[in-house]
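Have a look at the structure below, then the notes.
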Amino acid sequence: MPDASDIVFRARGLTKVYRNGALEVHALRGIDFQARKGEFIVILGPSGSGKSTFLNIVGGLDRASGGEVWFEEHQLTALGEGQLTQYRRDHVGFVFQFYNLVPSLTARENVQLVTEIARRPMRAEDALALVGLQDRANHFPAQLSGGEQQRVAIARAIAKNPEVLLCDEPTGALDSATGIKVLEALTQVNRAVGATTLVITHNAAIRDIADRVIRFADGRIVEETVNAVKKQPSEVAW
Amino acid sequence: MVIPPLRRKVLRDLTRLWAQVLAIALVLAAGVATLILGNGAYSSLYETRARYYEENRFADVFADVTRAPRALLGEVAAIEGVLDAEARIVKLGLLDIPGMVEPGSVLFVSLPETGGFNRLYLRLGRLPDAMSAEEIVVSDGFAKAHGLGPGDRLPVLMNGQRRDLRITGVALSPEFIYALGPGQMMPDPRRFGVVWAPRAALEAAYDLEGAFSNLVLKLAPGANPDRVIEALDRLTERYGGVGAKGRADQISHAFLDAELKQLWAMVRVLPPIFLLVAAMLVNMTLSRLITLEREQIGLLKAIGYTSRAVAQHYVEFVLLIAVVGIGLGFAAGAWLGVGLAQMYARFFSFPYLVFTRDPQLYGLAAVITLAAAVAGALYAVRSVVKLPPAVAMAPPSPAVYRERGAWIRRVLNLRQTGVMVARHLMRWPFRTLSSTLGVAMSVAILVASLWSFGSIDRMIDITFFRSERHDAQIVFGTPEPMPAVFAARTLPGVMVAEPFRQVAATISHRGHEKTLAIMGRPADPRLSRVLDPTLRPMPMPEAGVILSEALAEALQVRPGDLVTVAVQEGRRPIVTLPVSGLSVGYVGLGAAMEIGALNRLMGEGAMVSGVSLQLDPMQTAAFYAAAKTTPKTELISVTSLMLSRFRDTLAENITVMVSVYVILAGIIAVGVVYNFSRIALSEQGRELASLRVLGFTNREVSGVLFGELGTVVFLAQPLGWVIGYGIASAMAAAFSSDLYRVPFVVQRDVYAIASLVVCAAALVSAWAIRGRIDNLDMIEVLKTRE
């Protein structure tokens, strides 16, 4: 049983229902979940299993229909729009499948975009160095490869020293070799920053690099495994 | 009926993008409306005047004499180029209506002979009996202002004699379409009317039996009016002729001409602005639509639609926008046209208004508008044709940015969001510039219309408060010896009396000449003064003549030059005088001399034409009553009445015009800003949603978009001021004529108000966009590739 002060996320009975006209889609059907500080969790599951919905609610991008989620001592499910924005700003780093960099800003400027509004940021150069891109700082996204763009996105996500790092299919648009580089960057910053990291993926091979693996199906957590031994990203193959 | 799928897509796109479509259509509509309104009003006014002149045989040449024998008429008619001539009696009289305190005058005109000129258009009643001594017809505006009609009585002073005339009819005449009384600046139908009476009655009243005081001539087609006028002047010289006038110098005709000139200026300036801005908006919007639909275009081509068919699809989209604009413009143009016609009806006395709903004009407006819209679409559509299907189906290569303008960032100490704004604006310089120009145009339209308020204030200030400071002027029928001034001084309520002498003369210099009245004033006038360009009162020179700037310009003279002054009355001396200074003045052409010098020139002794008076405000009614019955009095003009009439009339018209301009400028500002923001939002929606995910607040995210908008609106202001100043100065030049000049002053508040109005319109557009920013879908943007 982990120490209670060590728990970053707690979710209980979390449900999410999308209404589309008369049609009701149950995306989440009662999720119970906890994550410890610094834990690296991989979330697996088929499309439509609810994993992205879960990540969005935990990240303060979406609202639950029922149940509750706590981040440290904040009950996210009770926060208003403005407070959720503040939560994302202060505590959460996001990495997405399509990088979502600002095309008109260079790599460094994309990172500075976040450090300018963060409470205790690291230097943009340091964040880029963490992902091995210190030499590409002055390049615009259009001048970077997909893998490089994703690493800039990771640098941007961790530059604020977030408590949590949420990644939705970070390697989804990348080939295997590039994907491994991105995963290395993720595990590297997970160790260096100590941020609780949740990574959604379709790719079961990635499971071996996690502390814990959660499998979603039909809006529920159907399986949870703890890896006694974590592999290095370079050791996995897909 | 089966609608082809592409056509159905056009209709759906129009509905989906309705707000942008409407914004563009409104700008097009403004272009169409101003085109129709301006051209329609122009041809309406032009045609009406032409038909009225034709049907009522408006004369070509007009001449006043003191008294000439009727026998002279044969000689006049024999002048080469003269088709026919008619002798008339035209004399001023004073109104003597009980209960009407303020002085008013009437112009007596002998009834046109059978087959004569300037025939009346009888609106009510009948013409007077030719043998009657008391039957008259009065002008329509005057009758309405006093509630008079056939059967009513009109008490007047004719040649100092009180008479009670009987109205038999109410009429209009092509000679008095713009019925400006002597000494008036604006038509005032209450204080000035035209009275047509049988010749015999006027002959008797003004001691003109067997004689006449006015000639009107009709010229043969192709005759040279200048040559006829010259010959006529030679004939009338002996009889006190003061120089004949062609139509161009006939007051009513000249004012109509000035109005036509203004309309023409409006037609040339406004519609092109709207059409240009609309073409630009079409280009902006369509380019974005095509970028968004790139994959669909590729797909259409891949499944076998020709480039031409796809291009045609987008052209149809634009044509439909234009059709909406044209429809709105037709309606607005027709509606405004009615309003303008009503305004004309107040100003000009026409028996009818030929309101042309010329289908050709509407057709032309439609074609021009469609052409402008298609021209705007061409560049964007060309990219559709050039796009190979395989390339189109792949996502577009990402926008390439360059690190430019680092200095801007340093100078403004920009944050990253500021850098985004700057780079995005610089990434599409054409769009940024054309949007800036569009907003600038709306500022310019406002500057070019609002300046007239300040201009009129200045005109009023200089004319009524600095230069003509008298409360009233009495004009005598014929020049009187100096003691008449003392008589005037003794009238009740008169505090100060200052004489003036008015002499008709032709001033010429190197082939340029103008006929006008030279005003003689005391050496150091107190009431009726002339001002130098720095607005200091000028003393009257002992020798020499002071010309108004307008006159100096017309004659192309500078101070120190010599001009030839040919006096047109008395013994008609011709002298050469130095121009001793230039004066400012906005009404008519002016020349001034010291009254003693002018009298010496005339050689008739110390004579005065009238007196300028300062009155005791408590005794004005008593003054009016007494002045009216003084036999020498031909005309009493009252400054305060003239000023209030001037203000009321102008205020009314300018308020109408300015409201129209504010609406037009608002349409441009809203159209440009709204489309610009929608496109910027569409391009950057993904980035902005990403910013929201990263923890930026709604306010911060809106700030990025509004930063772009704000920059465009901000840059547009000085540009708009400059363009507006240019248009305003061209308008001032176009509106200036011998009748009046428009002082060209653009005060600072004009720029401020123009900018405020445009910024308010921009804010409205921004407000309309704000909701879309607040509702950006953060989750959607994470799941999709651009």
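As given, the protein sequences belong to chains A and B, one line each in that order. Be aware that the first sequence starts at 1, since it is given in my numbering, and climbs by one per residue. Be aware that the second sequence starts at 239, since it is given in my numbering, and climbs by one per residue. C-beta: ideal position from N, C-alpha, C; glycine also. Bear in mind that the values here come from a model prediction, so they are computed numbers and not experimental data.
Tell me whether residue i sits in a helix, a strand or coil according to DSSP, three-state version.
i        : result
A/Met1   : Legend: pLDDT at A/Met1 = 46, less than 50; position of this residue unreliable, value from coordinates given subsequently. The answer is coil: DSSP assigns A/Met1 none of H, G, I, E or B.
B/Glu736 : strand
B/Thr753 : strand
B/Val592 : coil
B/Gln806 : coil
A/His202 : coil
B/Ile415 : coil
B/Trp689 : helix
A/Tyr87  : helix
B/Trp434 : strand
B/Thr674 : helix
Using a beta-carbon distance below 8 Å, is residue i in contact with chain B?
i        : result
A/Asp168 : yes
A/Arg241 : Absent from the structure is residue 241 of chain A, since the part of chain A shown begins at 1 and ends at 238.
A/Ala142 : yes
A/Glu72  : no
A/Arg89  : yes
A/Asp62  : yes
A/Glu116 : yes
A/Leu79  : no
A/Val102 : yes
A/Asn203 : no
A/Leu183 : no
A/Asn56  : yes
A/Thr106 : yes
Does residue i come within less than 8 Å of chain A when only Cβ atoms are used?
i         : result
B/Glu641  : yes
B/Gln580  : no
B/Glu1018 : no
B/Thr670  : no
B/Phe944  : no
B/Gln985  : no
B/Met697  : no
B/Gln654  : yes
Within the continuous alpha helix (DSSP H) that includes residue i, where are the two ends?
i        : result
A/Ser104 : It is not in any alpha helix (DSSP H) - A/Ser104 carries neither H nor E in the DSSP assignment.
B/Asp464 : 463-474
B/Asn277 : 256-293
B/Leu514 : 489-530
B/Ile559 : 545-585
A/Lys51  : 51-58
B/Lys329 : Segment 328-333 is the beta strand (DSSP E) holding B/Lys329; no alpha helix (DSSP H) there.
A/Ala155 : 146-158
B/Asp762 : Counting along the chain, B/Asp762 falls outside any alpha helix (DSSP H), and DSSP gives it neither H nor E.
Below 8 Å on the Cβ atoms is my guess for residue i versus residue j; work out the distance and round it to an integer in Å.
i        : j        : result
B/Pro425 : B/Leu418 : 5 Å
B/Tyr824 : B/Met697 : 5 Å
B/Ile335 : B/Glu441 : 25 Å between Cβ atoms; not a contact.
B/Ile511 : B/Ala435 : Rounded, the Cβ-Cβ distance is 52 Å, inconsistent with contact.
At what residues does the beta strand (DSSP E) containing residue i begin and finish?
i        : result
A/Phe33  : 23-36
A/Asn20  : 7-20
B/Met396 : 391-396
B/Leu853 : 845-853
A/Ile221 : 220-226
A/Glu68  : 66-71
At least 3 beta-carbon pairs within less than 8 Å: the stretch 184-199 of chain A vs the stretch 30-40 of chain A: Per the Cβ contact rule, the stretch 184-199 of chain A is in contact with the stretch 30-40 of chain A (3 or more Cβ pairs under 8 Å).
For the stretch 738-749 of chain B and the stretch 860-875 of chain B, state whether three or more C-beta atom pairs, one from each stretch, are separated by less than 8 Å. no
Are at least three pairs of beta-carbons, each pair with one atom in the stretch 283-303 of chain B and one in the stretch 442-459 of chain B, less than 8 Å apart? yes
For the 8 Å Cβ check, are there 3 or more pairs between the stretch 155-175 of chain A and the stretch 48-59 of chain A? With the cut-off at 8 Å, the stretch 155-175 of chain A and the stretch 48-59 of chain A touch.
Does the stretch 43-57 of chain A come within contact of the stretch 192-206 of chain A, defined as at least 3 CB pairs closer than 8 Å? yes
Any contact between the stretch 305-312 of chain B and the stretch 594-604 of chain B? By contact I mean 3 or more CB pairs, one from each, below 8 Å. No, the stretch 305-312 of chain B does not touch the stretch 594-604 of chain B.
Touch check for the stretch 951-966 of chain B and the stretch 674-682 of chain B: three-plus C-beta pairs under 8 Å? yes
Okay, do the stretch 99-106 of chain A and the stretch 68-83 of chain A touch, 3+ Cβ pairs below 8 Å being the bar? no
Three or more C-beta pairs under 8 Å: does that hold for the stretch 471-489 of chain B against the stretch 567-583 of chain B? Because the criterion of three Cβ pairs below 8 Å is not met, the stretch 471-489 of chain B and the stretch 567-583 of chain B do not touch.
Between the stretch 909-917 of chain B and the stretch 251-264 of chain B, are three or more C-beta pairs nearer than 8 Å? yes
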